[in-house]
RNA sequence: GCCGAGGUAGCAGAGCGGCCAAAUGCACGGGACUGUAAAUCCCGCGCCCGAAAGGGCUACCCAGGUUCGAAUCCUGGCCUCGGCA
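Structure (structure tokens):
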């Protein structure tokens with residue numbers, strides 16, 4: 013019997029590589045982008061919407077352990093035959109560990125930041141007191157506290173308290189039955205200083221070792237932390253490469269596009285080439301090029317699906333977006349993007365979507381999400397082909413030119 | 001014709017002597033969004049100056065009046081809506 017899980021590199025173009033990821037639910041060609049289906053659903057889309065994309069159909073998706081643990085509960089999903097059956101999706105799934113929620117429901121809430129911060133709009137100095145414009149802050153309560161044994165969450169749904177150590181994260185993920193699971197870590201904030209980031213990284217490593225010990229199968233991704241600090245990132249990269257993880261997750265605070273590039277360069281020499289690399293939670297189109305160029309194989313991000321629901325459609329124009337809420341599209345009879353093969357572009361006009369968004373019709377979210385997912389999938393396809401044909405640099409250059417046009 | 005209710009920002013609708021350039025919602029304009037507390041959130045929304053703090057001007061149907069002070073009280077007018085003829 014063939015190995016249940018394996019990864020091999022098929023083609024390379026400098027550091028960029030095309031790979032094949034084998035799972036019990038079929039093969040995945042990398043570099044791949046995983047649409048995010050946090051609560052076992054890519055918001056507003058149904059399997060049919062994805063299948064209609066044909067060759068551009070998503071190959072693998074991401075779901076979230078913490079959210080599904082809270083609702084409907086891992087046992088419920090298990091009784092319903094596991095995540096694949098439950099959500100009627102028979103291609104590979106990766107479940108995130110809940111590590112991002114340690115951050116987003118904790119420090120992230122308190123300081124209103126994400127993995128990246130805009131250093132120009134928020135006045136702050138890394139590692140020093142946070143001085144964000146008070147007007148930008150909405151006082152919200154922290155929903156996670158961290159101790160050595162593990163994080164304790166207060167449910168954002170009903171306020172109930174949950175101790176969520178690595179062992180529970182792994183057990184939950186195994187009950188859900190995803191193809192790939194992720195070790196529990198703490199995603200650090202761009203605002204954390206060296207000392208905190210170091211302490212946190214070391215604790216994450218201990219949590220990850222515990223995750224590994226608790227796991228029954230060899231399909232786990234470890235996660236590199238270390239924030240924007242070179243020595244920490246290198247140490248963490250070695251830790252994940254050397255331990256018995258199937259794949260390498262690159263997580264934590266990436267701070268900015270420039271810093272992310274540096275971080276990827278620092279860790280590259282320490283990444284085991286046999287393991288697939290997942291740049292967690294990234295990203296935007298330009299960030300994907302940055303990642304692929306530095307050897308990243310897997311991406312996931314809420315960006316395309318989230319902005320779709322805000323009326324932002326991905327296009328090959330300035331900043332890659334079209335804000336369909338603007339009056340300018342009221343009488344625009346063209347498709348979202350000329351030449352796009354997605355269902356939305358084949359059947360509807362910009363004017364219609366503009367109307368749906370203004371009227372907050374539910375169909376708006378679905379049609380926009382279909383387009384954005386299709387757009388990302390076809391971008392990844394182009395990237396794979398370009399690497400195989402050793403013209404990745406040229407493809408990247410052309411795309412980035414579009415962004416600035 | 002008589003009786004009753006009412007006329008407030010683009011709309012709906014609070015306010016009923018000073019804290020009112022006027023609640024709230026919608027609409028409108030702008031901004032944000034990177035391992036989803038997100039079909040969300042933030043800001044603006046009479047005019048002018050200011051980066052802001054703030055300042056100035058004109059305002060709650062129209063015309064008068066009372067008062068230190070009126071969207072708010074009084075008188076007259078115009079107009080709407082309900083009931084009765």
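Numbering (the numbering used here), first residue to last: 13 to 417. In this text, a Cβ means the ideal position worked out from N, Cα and C, and glycines have one as well. Computed from a prediction, not measured in an experiment: that's the story for all the values here.
- Exclusion of the five residues before and after residue 215 leaves 160 and 198 as the residues of its chain whose Cβ lies within less than 7 Å of its Cβ.
- Of the candidates 96, 27 and 21, the residue whose Cα lies closest to the Cα of residue 188 is 96.
- For residue 117, there is no enclosing beta strand (DSSP E), as DSSP gives it neither H nor E.
- With contacts defined as CB atoms closer than 8 Å, residue 106 and residue 17 fail to qualify as a contacting pair.
- A distance below 7 Å between beta-carbons, with the five flanking residues on each side excluded, links residue 341 to the following residues of its chain, in chain order: 362, 363 and 366.
- DSSP places residue 40 inside the beta strand (DSSP E), whose first and last residues are 38-42.
- Runs of the beta strand (DSSP E) lying entirely within the stretch 252-318 and spanning at least 3 residues, in chain order: 259-262, 289-291 and 310-313.
- In this chain, the alpha helix (DSSP H) harbouring residue 404 covers 404-416.
- Taking a 10 Å sphere around the C-beta of residue 79, we find 16 or more other C-beta atoms and assign the residue as buried.
- Each residue's CA atom was taken as its position, placing residue 273 and residue 239 some 13 Å apart.
- If you look at residue 76, you'll find it in the beta strand (DSSP E) that goes 73-76.
- Judged by beta-carbon spacing, residue 45 lies beyond the 8 Å limit of residue 33, meaning their Cβ atoms are not closer than that value.
- For residue 91, the uninterrupted alpha helix (DSSP H) segment begins and ends at 86-91.
- DSSP lists 163 as the beta-bridge partner residues of residue 158.
- Taking 8 Å as the upper bound for CB-CB distance, residue 155 and residue 118 are in contact here, some 7 Å apart.
- Per the Cβ contact rule, the stretch 307-321 is in contact with the stretch 376-396 (3 or more Cβ pairs under 8 Å).
- For residue 286, the closest of 90, 233, 327 and 178 by C-alpha to C-alpha distance is 233.
- A residue is called buried when at least 16 other Cβ atoms come within 10 angstroms of its Cβ; residue 253 meets this threshold and is buried.
- C-alpha of residue 294 to C-alpha of residue 332: approximately 16 Å in a straight line.
- Judged by their CB atoms, residue 283 and residue 227 are not nearer to each other than the 8 Å cut-off.
- The stretch 379-389 and the stretch 343-357 touch, with no fewer than 3 CB-CB distances between them shorter than 8 Å.
- For residue 29, no alpha helix (DSSP H) segment is defined; the enclosing uninterrupted segment is the beta strand (DSSP E) at 28-35.
- Listed in chain order, the non-local C-beta contacts of residue 128 below 7 Å within the same chain comprise 202, 266, 267 and 268, local neighbours out to five positions each way being set aside.
- For residue 324, the enclosing beta strand (DSSP E) starts and ends at 324-326.
- Between residue 90 and residue 391, the alpha-carbon positions lie close to 35 Å from each other.
- For the stretch 168-237, the continuous beta strand (DSSP E) assignments of 3+ residues that do not extend past its boundaries occur at 173-175, 192-194 and 232-236, in sequence order.
- Look at residue 357 here: in three-state DSSP terms it is helix.
- The beta-carbon distance between residue 396 and residue 41, rounded to whole angstroms, is 6 Å. This is short enough to meet the 8 Å contact definition.
- Looking at the DSSP output, residue 107 shares a beta bridge with 75 and 193.
- Residue range 18-25 is occupied by the beta strand (DSSP E) that includes residue 24.
- For residue 334, DSSP records a beta bridge to 325.
- In the same chain as residue 400, and ignoring 5 residues on each side of it, the C-beta atoms closer than 6 Å to its own belong to 23 and 30, in chain order.
- Beyond the five residues adjoining it in sequence on each side, residue 224 comes within less than 8 Å, by CB distance, of 195, 232, 234, 255, 256 and 257 in the same chain, given in chain order.
- Listed as beta-bridge partners of residue 45 by DSSP are 311.
- For residue 390, the enclosing alpha helix (DSSP H) stretches over residues 374-400.
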